[in-house]
Amino acid sequence: TGKVFLGVKFLNDFYAPDNYDRNLYLDRFEIVKVQSLAKDAPAPPAGGMAMVPAMAMAMAKAPGTYEASDDFRVALLRPVHGLSLRGDLTLTGLAWWRQAATVTPPRMWIAINGTPLMEQRTADPVFRISTGYFKPGRNALQLIGELDNGLRAVSPTEYIDVNESITGNKPRAYYRFGMTDPAWGASLKDKLTSLKHQDGHMLALFAGESEATLTLPEDLAGTFEVYLDARGDQYEGFPIVAAKLRTGGVDKPIAEKTTNQWFNDWKVGNVELTKGPKQLVVSFINDAYKEKVGDRNLWLRAVSLREVAGADSAPPSLEIIYPRNGQHVGLADAVVVDARDDDAFAWIDLVVDGRRLGMNAPLDPALGRIVFPLLCRNLPPGEHHVKVRGEDRSGNQGDSEEITFIVNAATQGNTSELTPYESAVRLLNRFGLGPDPEELAAVLVMGERAYLEDRLSRGASDPGEMAATNKARTVFSGSDGGYDIAVNTIHQLQLTPNPVRARFVMWAENHFSTWLRKTEGWRKWQEHEAFMKAGVAPFVDLLVTSATSPAMLVYLDQQRSFATKLNENYSREIMELHTLGVHGGYTQADVTSLAGLLNGWTAMDEADTGGRGYPLESVYRYDGTLNDGLPRRILGMSYEPALPAQRFDRVRLALETLAAHPSTAEFICRKLAEHYVSDPAPEAMVTDLTRVYHQTGGDMKSVLLAMAEHPQFRRADLPMKVARPIDFALRLSRVTRADDSWTIHNFLQSSGMGLFDCITPNGYPEADDRYADSNAVLQRWKLVRTWDWRMASLVPGTWRWSVKSDPVSGAQNIVDAVAVALTGRVLGPESNAAALRVLAEATGDIGSKTQQTAVFVGMLPEANMR
């Protein structure tokens, strides 16, 4: 109905003088009515603990299935692949779908070993999974979503490891009802509002005293814990929310709960459910409002029911797997713990010399090893003892075996040899993206050589990497702006479980730099995907990846170079910047000859058939008829005349020759050493790495392994490198779990190092002085202030109040906790004294003082180095 205009647009014109001219001839276009093929939505499967019937089983297929589209994607919030289960597991998911403002949110399931469970109708599913759902050994996890039109999405399969000692329990049922669940009564609809302006992610706002009614499944029976995912707006106190059970028109109170300003799964109480009709009623009972003064409101995100567990008398299992017994440590080290319980931990803490420290490790999600900082500044030199103690929710306690460690008398940095911990921190700061706990545990347990070999060998199809990529694409799906490509990539870097591979990929993309604003976002994204797929490949493969990238060919105008119209931009940069280096021994005649050889090596815009969401797809293409086939001579090597069918081989040979050239080997190895070790690069290292390059045919994995084991890298007095803005931001983000990618993007732009935004083809420089000017420092300070409460969270909660009872060691522990979490090291004497003064002179309560001090530590020189 109404007036509709249809048009045709020719999008991919191409013209090569005296060769080609692509034109479109339009005779007519027709409009034909077709039958809608959208299938009916299948009936929803049972919720809670119940297994999903055959329909969803077919949907899940088998572990390994990964489905997504430009219309619908689902993802877990963080990668979990390869981690071990510690106890009952909480997993949070995310869904995005096109037209979320008008399309009902999807039904979501968590699939364990191919079986979908715990249906929820929401864009933000949360699954609390008891250990009884898992089998001993490897377990596959996937998130599954389905819209009412039958469109489905499945996250990449990830695998977690489960010890047989915590399996075998009866699975505990879990039901969660988001605000868009159809089980809610009609009165809730007037309260719905969008979460953070994201359509489909809904909250309920109780602006006045009122109630909402949730109809529970009639066959639901048993004793359940009741949780309300809620927060409140404070005015003369926080909101109080009440829950009651309504059966047969009779209300039975469950409990009341006072909220605070943060969303939290508040446990209200237990309820006994019997089969038959029943409702759960949620009420806001203490509204308060005064015009222009304040308004007390309640925000509700979900209600969940969790089956109460039976009696539990089994104590937790705790094992220290690092450090080894009798190991020497410096001013800072770490304790790595394997922890397991068949239910869930209430707390896990470190006990040093018989005294519990109150560090209380974070417990959600219950995956992976636990890493405690071992802060030794307040310990006298000599022998000390450490063990780990934990308690589960039933009050059962367990201790690890106690081990001995020896605190060195020498201060950190003045010894002739690094401790294993200090060496691991250096490796992560130089080869990774900082000492985030998961990677620190991996290095300390596996050993540096085995760790690097593992991380350098993993590909883009590694389940954890796929999960990180899928999460980034889910968050930024439907975005068409060029800078969304950069923000998407930043999010990948924040989440990647393989920061070693990620750092190298970003080095390669900076080496083969293209400018986002000229290539346009869709071409740049294709190029980024190509380098992600290549990974730590031999250099010749990286060179070919760049040489066949439409982004590079458009950026350096190679698509405009034909036999009758030579363009030397790409041929010059491929020699000067990508292979030989400016002093690599080539001449202008070599540049011209290579440009002639490259004619026909181009990029073409074609119709997009891959579902990328763009009208065109830019593709690499070689057309020998655009090349004159004349003989060329480059760097003393002759390329004979060739017919069109043989001209591609001449270009490929030229690329392989450039990659194998001695000047290329030295140039690339020097750039790598400048990036990973120091600028200027140690000459002895460059010489040795160049030899490895020649011996292995430019194998980048071998070069990096040789670099990590080189004496110049392992020397105790290796100078620090200034962290580039992206290094600083990613380390801060990964350590504090701050996933706000746009904040990092804006920080990089303000710092003059926007991702993929280097105008010149030589990429961003490595020299320290380029990242130490006043603007660079100011932008870092602003970023740390932006995440002030996350900085404070690096200090264990109980320690934030310990200064009152122990003003000397308590204050030092706060400073050391932030410094070690952020950099892996304690502060130097001057910075440490300054941080202690800030803590002593800060205003407000001790929590505020801790926050101010944590921000100050993040601004100090040590935090700006790697």
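Under our numbering, the first residue of the sequence shown carries the number 29, and numbering increases by one thereafter. Every residue, glycine too, gets a C-beta built ideally from N, C-alpha and C.
Which whole-angstrom value is the C-beta distance of residue i and residue j, which I expect to be below 8 Å?
i    : j    : result
P393 : L622 : In fact, because the Cβ distance is near 53 Å, the residues do not count as touching under 8 Å.
T185 : Y94  : 7 Å
S778 : Q807 : 5 Å
M735 : V705 : 7 Å
A181 : S97  : 7 Å
T502 : W124 : 5 Å
F567 : I696 : 6 Å
V336 : V379 : V336 to V379, Cβ: 31 Å. No contact.
P133 : R156 : With 8 Å as the limit, P133 and R156 do not qualify as a contact, their Cβ atoms being about 20 Å apart.
F775 : A804 : Contact flag wrong, Cβ pair sits at about 10 Å.
G173 : V102 : 4 Å
Does the beta-carbon of residue i have 16 or more other beta-carbons within 10 angstroms, so that it is buried, or is it exposed?
i    : result
P690 : exposed
L536 : First, the residue type needs correcting, since residue 536 is Ala and not Leu in the sequence shown. Buried.
G75  : With a pLDDT of only 43 at G75, under the threshold of 50, the placement of this residue in the model should not be trusted; the figure read from the coordinates follows. Classification for G75: buried.
F540 : buried
A701 : buried
N288 : exposed
M603 : buried
R660 : buried
G165 : exposed
T592 : exposed
F57  : exposed
K327 : A quick correction: the sequence has Trp, not Lys, at residue 327. Its Cβ being crowded by 16 or more others within 10 Å, W327 is buried.
K877 : buried
M87  : Because M87 carries a pLDDT of 48, less than 50, the predicted location of this residue cannot be relied on, and the following value inherits that uncertainty. Its Cβ being crowded by 16 or more others within 10 Å, M87 is buried.
D420 : buried
D873 : exposed
K219 : buried
M781 : buried
K699 : buried
A71  : Confidence at A71 is low in this model, with a pLDDT of 39, below 50, so its placement is unreliable and no value can be given for it.
P111 : In the sequence as presented, Pro is not what sits at residue 111; that position holds Leu. With 16 or more other Cβ atoms within 10 Å, it is buried.
P344 : buried
T497 : buried
M387 : buried
F162 : buried
N457 : buried
Taking residue i as the reference, give the member of the options with the closest Cα.
i    : options                   : result
P465 : A452, R458 and R477       : A452
K546 : G236, F784 and S837       : F784
G213 : D189, V254 and L242       : L242
D727 : L608, D745, T878 and G563 : G563
V679 : T630, A709 and A712       : T630
E645 : E601, T615 and S577       : S577
R828 : A845, V812, S489 and T788 : A845
Y648 : A688, N597, P491 and V582 : V582
L850 : R334, L461 and S422       : L461
D293 : T120, A558 and G782       : T120
G492 : V848, L104 and L52        : L104
G276 : K306, I282 and Y263       : K306
L625 : P245, G173, I662 and Y614 : I662
L895 : A744, T692, E300 and R477 : An answer regarding residue 895 cannot be provided, because it is not within the stretch 29 to 894 covered by the chain.
G154 : I138, P144 and L169       : Residue identity check: residue 154 is Val in the sequence provided, not Gly. Checking every option, the nearest Cα to that of V154 belongs to I138.
Subject >> Segments assigned alpha helix (DSSP H), at least 4 residues, entirely inside the segment 86-171 >> reply: Unbroken alpha helix (DSSP H) runs of no fewer than 4 residues, entirely contained in the segment 86-171, are not found.
Subject >> In chain order, each beta strand (DSSP E) run of at least 3 residues that lies wholly inside the segment 630-705 >> reply: Listed in chain order, they are 644-650, 660-662 and 665-667.
**OP:** Report yes or no: do three or more beta-carbon pairs, one from the segment 332-347 and one from the segment 368-382, lie closer than 8 Å?
**Re:** Proximity of the segment 332-347 to the segment 368-382 meets the contact definition, three or more beta-carbon pairs being nearer than 8 Å.
**OP:** Taking only runs that begin and end inside the segment 441-526, name each unbroken beta strand (DSSP E) of 3 or more residues, in chain order.
**Re:** Annotation note: the segment 441-526 contains no uninterrupted beta strand (DSSP E) run of length 3 or greater.
**OP:** Entirely within the segment 266-319 and at least 3 residues each: give me those beta strand (DSSP E) ranges in chain order.
**Re:** Segments of the beta strand (DSSP E) lying fully in the segment 266-319: 268-275, 278-286, 292-301, 307-312 and 316-318.
Subject >> Complete runs of the alpha helix (DSSP H) confined to the segment 793-827 [at least 4 residues] >> reply: Unbroken alpha helix (DSSP H) runs of no fewer than 4 residues, entirely contained in the segment 793-827, are found at 802-814 and 816-820, following chain order.
Original post:
Using 8 Å as the threshold, is the segment 306-314 in touch with the segment 231-250, meaning 3 or more CB pairs across them?
Top reply: Contact holds: three or more Cβ-Cβ distances are below 8 Å.
Subject >> beta strand (DSSP E) segments (min. 3 residues) lying fully within the segment 180-215 >> reply: You should have 180-182, 186-190 and 202-206.
Original post:
Okay, do the segment 383-390 and the segment 424-439 touch, 3+ Cβ pairs below 8 Å being the bar?
Top reply: No: fewer than three Cβ pairs fall under 8 Å.
Subject >> Contact the segment 745-754 vs the segment 784-801: 3+ CB pairs below 8 Å >> reply: Contact between the segment 745-754 and the segment 784-801 is present, because at least three Cβ pairs lie under 8 Å.
**OP:** Would you check if the segment 674-681 and the segment 648-658 touch, i.e. whether three or more CB-CB distances between them fall below 8 Å?
**Re:** Of all C-beta pairs linking the segment 648-658 to the segment 674-681, three or more are shorter than 8 Å, placing the two stretches in contact.
Original post:
Quick one: any contact between the segment 812-825 and the segment 876-884, if contact means 3 or more CB pairs under 8 Å?
Top reply: Contact between the segment 812-825 and the segment 876-884 is present: 3 or more CB-CB pairs across the two stretches fall below 8 Å.
Original post:
Is there contact between the segment 386-406 and the segment 349-364, where contact requires at least three CB pairs shorter than 8 Å?
Top reply: In short, these stretches touch, since the Cβ pair count reaches three.
Original post:
What residue ranges within the segment 570-621 form continuous alpha helix (DSSP H) runs of no fewer than 4 residues, ordered along the chain?
Top reply: List check, alpha helix (DSSP H) in window: 578-583 and 597-601.
Original post:
Is it a yes or a no for the segment 194-206 touching the segment 404-412, going by three-plus beta-carbon pairs under 8 Å?
Top reply: Contact fails: fewer than three Cβ-Cβ distances are below 8 Å.
**OP:** Note down, one range per segment and in chain order, each beta strand (DSSP E) of at least 3 residues found wholly within the segment 402-443.
**Re:** Taking only runs of at least 3 residues, the beta strand (DSSP E) segments lying wholly in the segment 402-443 are 410-420, 425-427 and 431-435.
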